[in-house]
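J.: Just so we're aligned, residue 25 is where the sequence shown starts under this note's numbering, counting upward by one. All residues carry an ideal CB built from backbone N, CA and C; glycine is no exception. One structure is given below, represented as structure tokens, and several questions about it will come after.
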Amino acid sequence: MRCLSIEPLSGAAGDMILASLLDLGADQQMIVEGLKSAGLQDFELQFTRKRCPHGIVCGYLEVLTSENTHDHEHSHEHEHSHEHEHSHEHNHEHNHEHAHDHSHAHDHSHDHEHSHGHNHADEASCARPHSHRGLAEILSLLRSSKMPARAIARAEKIFRRLADAEAAIHGVSPEEIHFHEVGAVDSIVDIFGTCLALEYLQIEKIFCPMHKVGYGTVRCAHGVMPVPAPATAKLLEGFPVTRLPLQSELTTPTGAAILTALSEGQYCRGEQRILASGYGHGRKEFPELPNIIRSILLEVEPDSQETRWSRDRIVVLECEIDDQTGESLGFLQEQLLAGGALDVCFWPAQMKKNRPGTHLQVLCALGHEGALAEIILAQSSSTGVRVRESGRLILPRSACELMTEWGPVRAKKIIRPGNKIEVQAEFDSARELALRLGLPLRQILAQSEQWE
Numbered sequence: 025m026r027c028l029s030i031e032p033l034s035g036a037a038g039d040m041i042l043a044s045l046l047d048l049g050a051d052q053q054m055i056v057e058g059l060k061s062a063g064l065q066d067f068e069l070q071f072t073r074k075r076c077p078h079g080i081v082c083g084y085l086e087v088l089t090s091e092n093t094h095d096h097e098h099s100h101e102h103e104h105s106h107e108h109e110h111s112h113e114h115n116h117e118h119n120h121e122h123a124h125d126h127s128h129a130h131d132h133s134h135d136h137e138h139s140h141g142h143n144h145a146d147e148a149s150c151a152r153p154h155s156h157r158g159l160a161e162i163l164s165l166l167r168s169s170k171m172p173a174r175a176i177a178r179a180e181k182i183f184r185r186l187a188d189a190e191a192a193i194h195g196v197s198p199e200e201i202h203f204h205e206v207g208a209v210d211s212i213v214d215i216f217g218t219c220l221a222l223e224y225l226q227i228e229k230i231f232c233p234m235h236k237v238g239y240g241t242v243r244c245a246h247g248v249m250p251v252p253a254p255a256t257a258k259l260l261e262g263f264p265v266t267r268l269p270l271q272s273e274l275t276t277p278t279g280a281a282i283l284t285a286l287s288e289g290q291y292c293r294g295e296q297r298i299l300a301s302g303y304g305h306g307r308k309e310f311p312e313l314p315n316i317i318r319s320i321l322l323e324v325e326p327d328s329q330e331t332r333w334s335r336d337r338i339v340v341l342e343c344e345i346d347d348q349t350g351e352s353l354g355f356l357q358e359q360l361l362a363g364g365a366l367d368v369c370f371w372p373a374q375m376k377k378n379r380p381g382t383h384l385q386v387l388c389a390l391g392h393e394g395a396l397a398e399i400i401l402a403q404s405s406s407t408g409v410r411v412r413e414s415g416r417l418i419l420p421r422s423a424c425e426l427m428t429e430w431g432p433v434r435a436k437k438i439i440r441p442g443n444k445i446e447v448q449a450e451f452d453s454a455r456e457l458a459l460r461l462g463l464p465l466r467q468i469l470a471q472s473e474q475w476e
């Protein structure tokens with residue numbers, strides 16, 4: 025299993041994380057093609073490797089767009105430096121990435137966004153002509169793209185986490201949030217690009233040992249904010265944090281959102297082998313320590329007691345239905361499965377006024393819940409649908425083919441706990457063979473069981 029340990033030495037920003045993955049070996053052209061499939065055309069990735077003042081060869085990433093001719097987030101550190109914070113230019117220098125990111129402002133809901141600015145950096149950012157994009161618009165870009173499904177799910181998780189943090193700060197719903205800096209093309213590139221890079225590197229699990237923050241304050245359009253910025257502080261709630269003696273905002277909202285949304289803990293368990301390491305550098309320099317983030321690619325053997333399952337996130341839709349025939353419910357199930365549902369289940373329910381009804385549960389991938397809810401509300405008598413996100417554990421499985429004495433049957437191979445391999449014939453394939461040859465279905469299924 026390939027895992028990634030992302031280790032911020034002096035903080036984290038979106039461009040620094042992506043730079044470390046490019047330095048690790050992620051394919052830049054694949055990332056660019058994936059970004060363009062999401063409708064992002066007005067950008068250029070400039071990635072270089074050079075030795076930093078502390079003697080380490082690192083990756084430097086600059087995202088150039090018409091919205092932001094500065095270096096952009098990059099320096100996450102950047103901006104921060106408190107002192108500069110104020111100074112405008114500084115901002116750039118800082119490179120804003122961070123800035124932007126941080127700018128939490130950005131993220132922040134529209135009006136507020138600014139407020140946050142939090143980092144001077146941002147503040148600067150407040151003066152820059154960035155687009156204000158809402159969560160729905162960004163998710164639409166994702167879902168219309170040709171990016172891999174897992175990359176889309178990871179990016180959506182990051183933006184939803186950002187929206188939840190901003191919503192909590194501003195007292196509004198996530199749907200009302202309009203991202204400022206994080207809604208800019210360069211910040212979207214950082215997040216989408218990071219998820220594409222993780223997919224290229226075939227990363228199954230991500231870990232982050234410790235998050236780093238600085239101290240001081242930063243000035244924005246609505247006044248002075250403490251470091252870490254409000255959005256960053258909200259995102260880091262519940263995670264291990266170290267405060268460094270640097271008067272600067274070290275972790276930006278974009279960096280915090282990526283790491284807290286995707287990380288599964290501080291360290292991975294089991295025997296490990298280091299395959300490679302990559303370094304991403306911010307624009308700003310600190311004399312005390314390198315402004316870098318390191319990504320270490322690991323091949324991990326899970327603990328012998330740990331089942332070799334994978335984890336992912338899905339959406340669960342549920343409702344109760346009455347006054348419908350069994351035939352109409354069967355049609356509803358067909359429509360939901362055709363619309364992309366992973367699973368559709370019915371079971372009896374006792375409803376109001378002691379009326380018997382049916383409970384419907386639908387499982388789907390992140391991003392498909394809207395379309396499936398429309399099917400439920402159009403094809404059933406229900407007037408509402410409950411929606412929640414859930415995690416699930418999945419055993420390793422793959423498609424295979426069984427060769428019986430009568431011909432091949434499609435099957436799936438499952439690895440059970442204890443490395444027990446189980447092969448199950450696909451019923452539809454066995455049925456087709458039985459009908460074609462006029463054989464009892466049980467004979468074909470019985471022979472397939474011998475392959476377990």
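Within 10 angstroms of its Cβ, does Ala129 collect 16 or more other Cβ (buried), or is it exposed?
T.: Taking the first residue of the sequence shown as 1, we reach residue 129 at position 105. Note that Ala129 has pLDDT 36, beneath the 50 cutoff, so the model's placement of it is unreliable and no number is given.
J.: Have a look at Val237 and Glu261 and give me their C-alpha separation to the nearest angstrom.
T.: Here residue 237 refers to the residue found at position 213 when the sequence shown is read from its first residue. Here residue 261 refers to the residue found at position 237 when the sequence shown is read from its first residue. Computed Cα separation, rounded: 13 Å.
J.: Do you know how far the Cα of Pro432 is from the Cα of Ala281?
T.: On the sequence shown, position 257 is the one that residue 281 refers to. On the sequence shown, position 408 is the one that residue 432 refers to. It is roughly 48 Å from the alpha-carbon of Ala281 to the alpha-carbon of Pro432.
J.: To the nearest angstrom, how far is the alpha carbon of Pro198 from that of Ala187?
T.: Here residue 198 is taken as the residue at index 174 of the sequence shown, counted from 1. Here residue 187 is taken as the residue at index 163 of the sequence shown, counted from 1. Taking the straight line from one Cα to the other gives about 5 Å.
J.: Can you give the Cα-Cα distance for Cys232 and Ile41, rounded to whole angstroms?
T.: Translated into positions along the sequence shown, residue 232 becomes position 208. Translated into positions along the sequence shown, residue 41 becomes position 17. Near 12 Å, if we compare the C-alpha coordinates of Ile41 and Cys232.
J.: May I ask you to report which of helix, strand or coil DSSP gives Glu161?
T.: Within the sequence shown, the letter at position 137 stands for residue 161. DSSP places Glu161 in helix when its eight states are reduced to three.
J.: What are the residues that DSSP puts in a beta bridge with Val324?
T.: As a first step, residue 324 is located in the sequence shown; it is residue number 300 there, counting from the start. BP columns for Val324 point to Gln296.
J.: CA-CA distance, Ala435 and Gly63?
T.: The residue labelled residue 435 in the question sits at position 411 within the sequence shown. The residue labelled residue 63 in the question sits at position 39 within the sequence shown. Approximately 38 Å, taken between the alpha carbons.
J.: Using a 10 Å radius around the Cβ and a threshold of 16 neighbouring Cβ atoms, would you call Phe487 buried or exposed?
T.: Since the displayed the chain opens at 25 and closes at 476, residue 487 lies outside it and no answer follows.
J.: Check this for me: beta carbons of Ser319 and Leu48, under 8 Å apart or not?
T.: For the purposes of this step, residue 319 is taken as the residue at position 295 of the sequence shown. For the purposes of this step, residue 48 is taken as the residue at position 24 of the sequence shown. Result yes, Cβ atoms of Ser319 and Leu48 sit closer than 8 Å.
J.: Would the beta-carbon of Leu463 be found less than 7 Å away from any heavy atom of the ligand PLP?
T.: This structure simply doesn't include the ligand PLP, nor any ligand for that matter.
J.: Just tell me which of Leu274, Glu342 and Cys388 has its CA closest to the CA of Glu309.
T.: On the sequence shown, position 285 is the one that residue 309 refers to. Of Leu274, Glu342 and Cys388, the residue nearest in Cα terms is Leu274.
J.: If we count Cβ pairs, one from each stretch, closer than 8 Å, do we get three or more for the region 165-178 versus the region 368-377?
T.: The answer is no - the region 368-377 does not touch the region 165-178, with fewer than three Cβ pairs under 8 Å.
J.: Spell out a yes or no on whether the region 256-271 and the region 66-76 are touching, meaning 3 or more CB-CB pairs, one atom from each, closer than 8 Å.
T.: no
J.: Under the three-state reduction of DSSP, which class applies to Tyr485: helix, strand or coil?
T.: Residue 485 lies beyond the range of the chain shown here (25 to 476); nothing can be said about it.
J.: Just list the residues that DSSP pairs Phe231 with in beta bridges.
T.: Sequence index remark: in the sequence shown, residue 231 carries index 207 (1-based). Bridge partners of Phe231: Ser29.
J.: Say whether the region 452-462 touches the region 407-423, bearing in mind that this needs 3 or more beta-carbon pairs closer than 8 Å, one atom from each stretch.
T.: no
J.: Under a Cβ-count criterion, where at least 16 other Cβ atoms within 10 Å of its own Cβ denotes burial, should Arg335 be classed as buried or exposed?
T.: Taking the first residue of the sequence shown as position 1, residue 335 is located at position 311. Exposed.
J.: Between which two residues does the alpha helix (DSSP H) carrying Leu372 extend?
T.: If you number the sequence shown from 1, residue 372 lands on position 348. Sequence inspection shows Pro at residue 372; the Leu mentioned does not correspond to that position. Segment Asp367 to Gln374 is the beta strand (DSSP E) holding Pro372; no alpha helix (DSSP H) there.
J.: Does Thr349 have its Cβ less than 8 Å from a Cβ in chain D?
T.: Although the question refers to chain D, the structure presented lacks it and comprises just one protein chain.
J.: For Leu396 versus Ala365, is the C-beta spacing smaller than 8 Å?
T.: Working through the sequence shown from its first residue, we reach residue 396 at position 372. Working through the sequence shown from its first residue, we reach residue 365 at position 341. Yes, these two residues count as a Cβ contact at 8 Å.
J.: Where does Asn315 land, buried or exposed, given buried means 16+ other C-beta within 10 angstroms?
T.: For the purposes of this step, residue 315 is identified with residue 291 of the sequence shown, where counting begins at 1. By the neighbour-count rule (16 or more Cβ atoms within 10 Å), Asn315 is buried.
J.: Jot down the residue ranges of each uninterrupted alpha helix (DSSP H) in the region 384-457, minimum 4 residues, whole runs only, in chain order.
T.: 393-403
J.: Which value, in whole angstroms, describes the spacing of the CA atoms of Ser34 and Thr276?
T.: Reading the sequence shown from its first residue, position 10 is the one you call residue 34. Reading the sequence shown from its first residue, position 252 is the one you call residue 276. Between Ser34 and Thr276, the C-alpha separation is close to 11 Å.
J.: Do Gly279 and Ala37 have their C-beta atoms within less than 8 Å of each other?
T.: Here the question's residue 279 lines up with position 255 in the sequence shown. Here the question's residue 37 lines up with position 13 in the sequence shown. Cβ distance < 8 Å, so Gly279 and Ala37 count as in contact.
J.: DSSP has Leu88 in a bridge; who is on the other side?
T.: Against the sequence shown, residue 88 aligns to sequence position 64. Note: Leu88 sits in a beta bridge opposite Glu68.
J.: Flag this pair as yes or no: are the beta carbons of Met25 and Val324 separated by less than 8 Å?
T.: Locating residue 25 in the sequence shown gives position 1, where the first residue counts as 1. Locating residue 324 in the sequence shown gives position 300, where the first residue counts as 1. A contact, by the Cβ cut-off of 8 Å.
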